[in-house]
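Asker: Numbering (this note's numbering), first residue to last: 83 to 220.
Where is the CB? At the ideal position from N, CA and C, for every residue including glycine.
This structure is in structure tokens; I'll ask about it shortly.
Take a look at the structure:
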């Protein structure tokens, strides 16, 4: 389910950013990303998204990242390693999967991440998990 079609879209304030390759919903403690159908999420696209995210949150902010895989697209899982070598603002991530293939891909991506990764079968589960991380408890 796309974020804007979910009940969550009315529960938390957010800023929506539209890039050529997807939508990004920026919340106080996390980002939900929904990539467009058929795109290849390359390093240059990731850097474009990072630029927008850092502009919004600032350099020293820590967030959770939720990949809401509502569309089929390609991604090189080893880019997670490259990301964490260069950036340190994501404390954990969740992947919302809607098919067996997405679950398998999320499992593969998990192997390349140096941070905690949750595989979730709903946006609500992913958001709840992110918000209950020790780093976000007050």
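What is the DSSP secondary structure of residue 88, reduced to helix, strand or coil?
Answerer: Numbered from 1 along the chain shown, position 6 holds the residue referred to as residue 88. Note: residue 88 maps to coil in three-state DSSP.
Asker: So within the segment 114-154, which uninterrupted alpha helix (DSSP H) runs reach at least 4 residues, ignoring any that extend past its ends?
Answerer: 125-139
Asker: What separation, rounded to the nearest whole angstrom, lies between the Cα atoms of residue 152 and residue 83?
Answerer: As a working note, residue 152 is residue 70 in the chain shown. As a working note, residue 83 is residue 1 in the chain shown. When rounded, the distance between both Cα atoms is 6 Å.
Asker: Which residue comes first and which comes last in the alpha helix (DSSP H) that contains residue 215?
Answerer: By one-based count along the chain shown, residue 215 stands at place 133. That residue, residue 215, is in no alpha helix (DSSP H); it is neither H nor E in DSSP.
Asker: Among the residues of its own chain, which have a CB less than 8 Å from the CB of residue 205, if the five just before and after it don't count?
Answerer: As a position in the chain shown, residue 205 is number 123, starting the count at 1. Hits under 8 Å: 83, 85, 88, 90, 114, 148, 150, 178.
Asker: Keeping to the same chain, check which residues put their C-beta closer than 7 Å to that of residue 119; ignore five residues upstream and five downstream.
Answerer: Translated into the one-based positions of the chain shown, residue 119 becomes position 37. 153, 154, 155.
Asker: Pull up the DSSP beta-bridge partners for residue 198, would you.
Answerer: Start at 1 with the first residue of the chain shown, and residue 198 comes out as number 116. Bridge partners of residue 198 according to DSSP: 174.
Asker: Going by DSSP, what residue range makes up the beta strand (DSSP E) through residue 105?
Answerer: Sequence index remark: in the chain shown, residue 105 carries index 23 (1-based). Element bounds for residue 105: 104-108.
Asker: Helix, strand or coil for residue 157? Go by DSSP, reduced to three states.
Answerer: Numbered from 1 along the chain shown, position 75 holds the residue referred to as residue 157. Residue 157: strand per DSSP, three-state reduction.
Asker: Where does residue 96 sit, in a helix, a strand or coil, going by DSSP?
Answerer: Position 14 of the chain shown, counted from the first residue, corresponds to residue 96. Note: residue 96 maps to coil in three-state DSSP.
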